[in-house]
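Below is one structure, written out as structure tokens; comments come after it.
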Amino acid sequence: MHPSIAGHTRPDNGYNRRKTLPHISVNAIIVTMTIWTPDLSAHQGPLYQRLAQAITAAVADGTLPPGCRLPAQRDLAWRLGVTVGTITRGYGEARRLGVLSGEVGRGTFVRGEAAPDLDAPHMPPADQISVASQYAESVIDLSFNVTPASPVRGPFTELLRRTAQQSDPRQIDQLLHYLPDGGALAHRQAGAAWMARAGLDVDPAEVVVANGVQNALTATLATLANPGDTIACEATTYPGVLGVARLLHLKVVSIETNQHGLCPRALDALARRFHPKVLVTIPSFHNPTASYMPAERREEVVALCRRHGMMIVEDDIYGFLAERPAPPLARLAPDITVFLTGTAKVMSGGLRVGFLRGPSGLTSRLATNVRLSGWMAPPIGIELAARMLEPANLEPLLHWHRQEALTRQRMASDILGTPPPVPGRACYHLWLPVPEGAQPGRLIGALRRRGVTVTDPHVFDARGLEPPPPYLRLCLGATDNREAVRQGLEKVADALALDPADPLPAAVI
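Residues in the sequence shown are numbered consecutively from 1498, following the working numbering.
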């Protein structure tokens, strides 16, 4: 490069009208900026996602070393023949993945080796996760990620009647007292049987009963990590993971994902740079993206975690919806994986019990931390959930949920034009892309005025540094009334059909 570029002009490119660049020494350019033109054809997805993938790959292979400054957005847009907005979104996505950092007035840089210090991860404010809308008849709630309770009512009512008529005083007495650490043997056996349906054969003595999966997650991360440690999760993730990280003073680094879940190459690059102690992942019907990780990728993820010395926390709360589930990570790597599952999604929130299984050497510590963070689930609730897990009650319930999830996803596909669901691989939530240029916040406000509630996508963002992901999570099981879901989806379609540049008018309700 010539030592002085003073007087150099760029041709008219639609973004810059013949500008004279100031005198900059070659030394400054080498230090602060990299001349780099990515090949977007090597990646998949929208252009901005391809750019983010290209940046991640270049960081992983050393083409973009830590501390280097990326090209100016207008310059790169000119060289790639795309809009500046595409570059802005691509850089933003890479920032959200933890690969880049931005400094006002200086530009965009590849992050250094230290994991970012995240005070940002948090649960959404109470007004964003309020369950009150479930009980307001005038509101169609697509925000709360639950499953319809209607198939549970009949068998649960009968179960309550039989339990109330229980004449064995010893069993009644057991339900009125504290349970041992880890749970009663019968309840651990029920948890082991539930895990076996996911493809994980375990010794009931290694199962710990928890007060729901959130309690199990808190206890597990308290067991595997210390304050100040780094954990990894998907870049778009369940906000409960971020809330626990904040509670336990853990740093979070985020992993690029695609339609099959977290990307192994991104996981490898992140592990080399940040050395996370634990990977937290939802490989089966990920929340919120609904991705389902295929068996081959699960093997890659396990191999990478072994290579980098990472423990795995596998959340399988939605896994029951798969008719032929892929092998759990915990089956592929039982010695480094803690497996979490529960009953809230297959039954209802009122029958919320968690089960976890970790390497045998950790069982006692996991049980202790469950007790410290929640003591135990109420024995009567565990007993009722365990009885609902018996085959006579469970088999029709599983069949109903799988068919209902498929029906509702097909309805969403017909109304919104999303890809049709795959039979045997349908779940109750949908990660819907919004039109380019649309602002999720404005769409949420417009939907609220139409009587539809959805969750702000900010709460799923593991980085929290950029505008929210350009998606909306739609919860198709948040109400028993399928017709109400249809009406809600039609209102979503109407809002999305508006020109993103136009103001969103309020609707008359």
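C-beta atoms are modelled at their ideal positions from N, C-alpha and C, and glycine is treated no differently.
query	result
Three-state secondary structure (DSSP) at GLY1942?	helix
Considering only C-alpha positions, which residue in the set VAL1777, ARG1743 and ASP1726 is nearest to SER1751?	VAL1777
Thinking just about the alpha-carbon of each residue, which of GLY1758, ILE1814, VAL1799 and ARG1803 is nearest to the one in PRO1791?	GLY1758
Contact between the region 1866-1880 and the region 1824-1832 is defined here as three or more beta-carbon pairs at a separation below 8 Å; is this criterion met?	no
Is it buried or exposed for GLY1806, if we count other Cβ within 10 angstroms and need 16 for buried?	exposed
Just to confirm the assignment: which complete alpha helix (DSSP H) runs, minimum length 4, are found wholly within the region 1732-1807?	1736-1744, 1761-1771 and 1792-1805
With which residues is HIS1926 paired in a DSSP beta bridge?	CYS1972
Comparing C-alpha positions only, which one of VAL1649, ARG1650 and LEU1672 sits nearest to THR1660?	LEU1672
Tell me, which residues are paired with ARG1854 by DSSP?	VAL1704 and PHE1836
Taking GLY1589 as part of the alpha helix (DSSP H), name the residues at either end of that continuous run.	1581-1593
Report the residue from PRO1967, VAL1989, ALA1992 and ARG1979 whose alpha carbon sits nearest the alpha carbon of ARG1586.	PRO1967
On the CB-based measure, 16 or more other CB atoms within 10 Å of its CB, does SER1857 come out buried or exposed?	exposed
Alpha carbon to alpha carbon, how far is ALA1742 from GLY1851?	19 Å
Please classify VAL1539: is it buried, with 16 or more other beta-carbons within 10 angstroms of its beta-carbon, or exposed?	According to the sequence displayed, residue 1539 carries Ala and not Val. Result: exposed.
Are the region 1756-1771 and the region 1704-1720 touching by the rule of at least three beta carbon pairs closer than 8 Å?	no
Quick one: what does DSSP say VAL1982 is sitting in, helix, strand or coil?	helix
Does DSSP put HIS1955 in a helix, a strand or coil?	helix
Comparing C-alpha positions only, which one of GLU1987, PHE1957 and VAL1643 sits nearest to ARG1593?	PHE1957
Could you tell me whether any non-hydrogen atom of the ligand ATP is closer than 8 Å to the CB of PRO1652?	The ligand content of the structure shown is nil, which means the ligand ATP is not present either.
Hey, could you find the ends of the alpha helix (DSSP H) VAL1931 is sitting in?	No alpha helix (DSSP H) holds VAL1931; DSSP gives it neither H nor E.
For my contact list, PRO1736 and TRP1928 are in at a C-beta cut-off of 8 Å; report their separation, rounded to the angstrom.	Incorrect: roughly 14 Å between the Cβ atoms, too far for contact.
According to the Cβ coordinates, are PRO1761 and VAL1798 closer than 9 Å?	yes
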